[in-house]
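All letters in the sequence shown, in the order written, are residues 116 to 620 by this note's numbering. Glycine included, every Cβ here is placed at the ideal spot set by N, Cα and C. What follows is a short report on a single structure.
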Amino acid sequence: MTSTPATDTAWEALQTRWQELADLGGIGSLLGWDQSTYLPAGAAAGRSRQQSLLSRLAHARATDAEYGRLLDGAQNRSDLSPAQTRMVAVARKNFEEATRLPADFVAAWSQHGGDSYSAWTTARPDNDFARMVPYLEKSRDFSLQAAAYFPEFSDPMDYFIDQSDEGMTAQQVGDVFSKLREALVPLADAVIGAGPPRTDFLGRHYDSGAQLAFGEAVIRDYGYDFTQGRQDLTHHPFMTRLGGHDVRITTRVKTNDPGEALYSTLHESGHAMYEQGVRDDFLGTPIGGGVSAGVHESQSRLWENQVGRSRAFWAAYFGKFRDAFPEQLADVSEEEMHRAVNTVARSLIRTDADELTYNLHVITRYELERQLLGGTLTVRDLNDAWHAAYQQNLGLRAPSDVNGVLQDVHWYFGSIGGAFQGYTLGNVLSAQFYAAAEAANPGLEGDIARADFSRLHGWLKENVYAPGKLYKPAELVERATGQAMTVEPYLKYLREKYGELYGVS
């Protein structure tokens, strides 16, 4: 095999097809972004119809016989570069998966997802879980039917995990969760028992515009490129790629909690910088994006937590934050701010949870998903099961379903399964990547304290972002960090950080 890229007519035809598929995906993302930001409420039904049509067109383009023949020809070539060989391998995997799903099924599933999301946006504020039961039952049925097209996965959850975290299984995820639960529950109990820090100042009134401006200034320093993206408001923050050089983020604002907008912005910027950092020559190809949900989440959590909640971060930014909110922070010290944003407390909301209890939220959702797909839990009983699981895992019960089973949007996009484990895998990998970056660039804490992120961002871009999907997730992790995924750097980070903050071991 030569390393010289193929450039003949057949290869150019494949590249054209890949760019078309990427553009169709970008158009779908644009429709979804608009639905979550600016779409008028009365336009929801029409948007679902548009998304269904686009899904049908994209599926047809991704599964037609001519595309299959192009892939067959490329697979038999010996003159492809390693990157081209990987492109073909990923494309073939995607093609074989797509061709097993009938076009009518894909279109119906897509339309159901749009309908379900629209229903959720009104059912949640109305605390009306009953309204969502038929949608969730249909989502479960669609999910099980999709998994049934792939009988090589004996467990439906294995199929969905492989879709987002290639190579991982439910058994492996369960092993990671078991190790984390064993270590984190007693650590969280000890920290909570040490008493909370001062947080009263976080409940004061913080102007929305000033909050957004501050967060955007920080992520400019991080390296988020606003010439290739923007930030808008939404119900549930997310990042999306609308095109090769159009990577957008969203956030939400609470005037009595400045951490809501700030840390949502930092979190989504991590996702976005990953996508913005993929090699240009990979864009519009099957390897032109993040390699897995877990690796993607590692970047959002790294920039949100390892950086954004660090002592060094507040050394760099507390003065600027106080300048933005002089009245609200007149009686607050840098140390008090640092401790306040690292408060540990049992809570009902996953996205608001601290680093020590966050994974318990994920584990709860993951286990409920397994029960739904395994047939041991009915949708009609899901809200009661949610309350019971929270009582057991976090010692809390939500006063209503608004902050219970209705709080996360994930199940209301039309699919159940594989949506949550990536968050915890990302937490684990965030510490592993940061430790490797620090080993290669000693003194990163000092850089952060000077608001200089060039070495950290540069290492991540070279070792994590630029390769896109050139390597499988496990291979990328090992190449970047020198070892397979392990929970030890994450546990070490948490023990050292919270041990110092709260005087516990």
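DSSP beta-bridge partners for glutamine 346? Ile364
Terminal residues of the alpha helix (DSSP H) in which threonine 355 lies: Threonine 355 -> not in any alpha helix (DSSP H); beta strand (DSSP E) instead, spanning 354-358.
Could you spell out the range, first to last residue, of the alpha helix (DSSP H) harbouring isoleucine 334? 323-337
May I ask which residues mark the beginning and end of the alpha helix (DSSP H) holding phenylalanine 428? 426-439
Closest residue to tryptophan 429 among Glu252, Arg565, Ala137 and Asp194 (Cα-Cα distance): Arg565
What distance in whole Å lies between the Cβ atoms of tryptophan 235 and valine 524, which are believed to be in contact at a cut-off of 8 Å? 7 Å
Does the region 497-509 touch the region 257-275, meaning 3 or more C-beta pairs lie closer than 8 Å? They do not touch, by the three-pair rule.
Kindly list the residues whose CB is nearer than 6 Å to the CB of aspartate 516, restricted to its own chain and excluding five residues on each side of it in sequence; keep chain order. Asn242, Phe244 and Asn498
Rounded C-beta distance between aspartate 361 and glycine 344? I'm assuming under 8 Å. The C-beta distance from aspartate 361 to glycine 344 rounds to 7 Å, short enough to fall under 8 Å.
Contact the region 488-498 vs the region 406-416: 3+ CB pairs below 8 Å: no
Taking the alpha-carbon of alanine 104 as reference, which of Phe210, Gly358, Gly161 and Val205 has the nearest alpha-carbon? Residue coverage of the chain in this structure runs from 116 to 620, which leaves residue 104 outside it and unanswerable.
Taking the alpha carbon of aspartate 496 as the reference point, which residue from Leu186, Val248, Pro240 and Ala213 has its own alpha carbon closest? Minimum Cα distance to aspartate 496 is reached at Val248.
Cβ-based neighbour list, glycine 614, same chain, cut-off 8 Å, excluding 5 preceding and 5 following: Ser620
With the cut-off set at 8 Å, would you say arginine 367 and histidine 382 are in Cβ contact? no
Would you report the Cα separation of valine 447 and glutamate 560, rounded to the nearest angstrom? 23 Å
Mind checking which residues open and close the alpha helix (DSSP H) that includes glutamate 252? 244-263 is the extent of the alpha helix (DSSP H) around glutamate 252.
Can you pull the DSSP bridge partners for lysine 607? None; lysine 607 has no bridge partner.
So if DSSP puts lysine 369 in a beta bridge, which residue, or which two residues, is it bridged to? Asp372
Out of Thr200, Arg594 and Ala158, which one is the CA nearest neighbour of tryptophan 126? The residue with the shortest Cα to Cα distance from tryptophan 126 is Thr200.
Kindly indicate which three-state DSSP category aspartate 395 falls into: helix, strand or coil? helix
Three or more C-beta pairs under 8 Å: does that hold for the region 148-157 against the region 168-177? no
Our contact map puts leucine 377 next to glycine 330 with C-beta atoms below 8 Å; I'd like the distance itself, whole angstroms only. 5 Å
Please classify lysine 584: is it buried, with 16 or more other beta-carbons within 10 angstroms of its beta-carbon, or exposed? Flag for lysine 584 reads buried.
Please report how far the alpha carbon of glycine 282 lies from the alpha carbon of alanine 431, in whole angstroms. 40 Å
Kindly give me the distance between the Cβ atoms of alanine 218 and alanine 175, rounded to whole angstroms, as I take these residues to be in contact under 8 Å. 6 Å
Taking C-alpha atoms, which residue in Val477, Ser279, Glu419 and Ala204 lies nearest to glycine 289? The residue with the shortest Cα to Cα distance from glycine 289 is Val477.
Can you give me the C-alpha to C-alpha distance between alanine 263 and glycine 532, rounded to a whole angstrom? 13 Å
Quick check: the Cα distance between leucine 327 and glutamine 150, rounded to an integer number of angstroms? 21 Å
Reduced DSSP category for leucine 381 - H, G, I as helix; E, B as strand; rest coil: helix
According to DSSP, simplified to helix, strand and coil, what is histidine 351? coil
Test item: CB-CB of leucine 444 and arginine 437 under 8 Å: yes
How far does the alpha helix (DSSP H) with isoleucine 563 in it extend, from its first residue to its last? 559-564
Quick one: is glutamate 484 buried, meaning 16 or more other Cβ sit within 10 Å of its Cβ, or exposed? buried
Is asparagine 242 near the ligand SAM, in the sense that its beta carbon is under 7 Å from a heavy atom of that ligand? Among the ligands in the structure shown, none appear at all, so the ligand SAM cannot be discussed.
Beta-carbon proximity check, threonine 355 vs tryptophan 148, cutoff 8 Å: yes
Bounding residues of the alpha helix (DSSP H) (the contiguous stretch that carries threonine 200): Segment 197-215, the alpha helix (DSSP H) holding threonine 200.
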